Amino acid sequence: MEYLGEHLWVGTVGHLSIIMGFVASLFTAFTYYRCTQTRGTELSEGWRTLGRIGWMVHSVCVFSLFGVILYAMSQYYYEYQYVQAHVSDDLPMRYILSAFWEGQEGSFMLWMIWHAVLGMFVWRRDYKWESPVLAVVVLINAVIFSMLLGLYIDFGDSVFKIGANPTLLLRNVLELPLFMNADYTSLITGNGLNPLLQNYWMTIHPPMLFLGFASTAFPFAFAIAGLWTGDHKGWLKPATNWSLFSAGVLGTGILMGAIWAYEALSFGGYWAWDPVENASLVPWMLLVAGVHTHLIARNSGYAIRSTYLFYILTFVFILYSTYLTRSGVLGETSVHAFTEMGLGYQLVFFVLFFLLLGIVLYIYRY
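Under my numbering, the first residue of the sequence shown is numbered 59, with each subsequent residue one higher.
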């Protein structure tokens with residue numbers, strides 16, 4: 059059947075952006091890895107050039123995916139599952155962005171956007187540390203891209219799901235008699251944004267919080283770079299501003315959430331100690347501890363080991379908070395938790411991979 063009113067180019071561009079972004083992320087991680095491994099040789103600059111090309115392609119894919127999904131939401135293309143689930147005809151335009159990052163897929167995209175933006179500052183300002191640091195950051199984005207692939211792999215009697223694709227057509231997700239009508243797009247409406255989230259805080263709090271989440275990747279990446287290259291003191295100076303920025307932004311994001319809770323739920327809401335709120339508070343406390351040992355290490359040469367450990371644990375706990383929020387394990391105990399989407403095993407891999415990367419380098423390279 060040939061359907062009427064579908065804007066298929068949105069899904070094509072979006073899905074292509076996901077696939078190309080995932081491949082470009084892996085390519086960039088490899089080329090920056092080779093650049094770091096061959097530093098001091100003639101080959102290093104060639105690998106760096108390839109890494110920069112890969113970084114730009116990966117960044118373009120991140121922004122094109124964001125742009126095409128946001129456009130579909132602003133135009134109310136309800137034939138797409140993600141659009142139909144989060145916007146409606148009566149949703150004020152000022153809340154379209156809020157609707158974008160209401161869902162899991164949108165918040166993953168927001169996370170990647172901040173990595174891409176912040177990574178450009180490393181590219182322009184930290185030439186020496188560009189390749190090892192961005193190799194780690196783009197590897198993180200590769201894992202996040204995998205959360206959007208939407209692949210299904212058969213293993214005998216079971217099916218393993220890799221990611222949740224935000225560009226799926228509604229008719230490919232649901233089996234309804236409605237889709238026997240070629241002009242079904244004129245008959246459907248959107249679910250809209252949760253009324254409790256139609257608040258100006260929903261517009262500004264998630265971007266600030268995810269900027270804080272994304273920024274913790276950079277102290278972590280500098281720490282990994284220091285262990286990787288064996289330059290245990292050289293990374294401290296360029297990482298100082300990143301750690302201060304990250305602590306400030308993440309703390310601001312948490313504070314904004316607390317104020318929102320106070321406004322929405324009164325004083326009791328501020329002290330509810332929601333488990334997801336705690337999950338972002340713990341890495342902030344570790345990060346602040348890391349900032350203190352970082353400054354001590356930079357000025358005296360002591361506490362480098364502690365600084366490594368604090369920055370590794372900060373990022374790992376950010377990933378752990380992501381698991382708690384998105385796996386569904388807190389679905390009945392937290393107002394912040396997403397519904398379970400079958401990504402639990404992927405999220406566990408996300409946490410364990412970077413935990414092992416940090417701990418193995420910490421044990422064997424220091």
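Don't be surprised by glycine CBs; every beta carbon is placed ideally from N, CA and C.
Just so you know, these numbers come straight off a predicted model, no measurement behind them.
Test item: CB-CB of residue i and residue j under 7 Å
i	j	result
A193	S117	no
Y134	H65	no
F271	I376	yes
M131	V145	yes
T372	P341	yes
V196	T274	no
G79	F268	no
M260	M314	no
S304	S338	no
P264	W172	no
L419	L285	yes
A283	P190	yes
W300	F278	no
L228	Q139	yes
L251	A157	yes
R363	Q162	no
Which residues DSSP lists as bridging residue i, in chain order
i	result
F218	I211
Y90	In the DSSP output, where bridge partners are listed per residue, Y90 has none listed.
L425	Nothing about residue 425 can be read from this structure; the chain reaches only from 59 to 424.
The ligand SAH heavy atom lying under 6 Å from the CB of residue i
i	result
I211	For the structure depicted, the ligand SAH is absent and the ligand set is empty, with no information on it obtainable.
Nearest-angstrom Cα separation, counted from residue j out to residue i
i	j	result
A395	N249	Confidence at A395 is low in this model, with a pLDDT of 49, below 50, so the placement of that residue should be treated as unreliable; the coordinate-derived value is given next. Cα-Cα distance, rounded: 19 Å.
I421	R152	49 Å
A222	N357	46 Å
R110	L410	28 Å
W113	L245	42 Å
N336	L345	14 Å
A347	A143	41 Å
Y424	T89	25 Å
Y91	V334	34 Å
L84	I198	10 Å
V115	S122	10 Å
C93	V231	43 Å
L414	Y369	14 Å
Residue i burial status per 10 Å Cβ neighbour count (16 or more: buried)
i	result
E233	exposed
E137	buried
M170	buried
M167	buried
I211	exposed
E188	buried
Y366	buried
L405	buried
P150	exposed
M59	exposed
L62	exposed
Next item on the list: Report yes or no: do three or more beta-carbon pairs, one from the segment 180-188 and one from the segment 237-244, lie closer than 8 Å?
Entry: no
Next item on the list: Check whether the segment 192-212 touches the segment 310-321, taking contact to mean three or more Cβ pairs, one atom from each stretch, closer than 8 Å.
Entry: no
Checklist line | the segment 67-74 contacting the segment 96-111, beta-carbon criterion three pairs below 8 Å | finding: no
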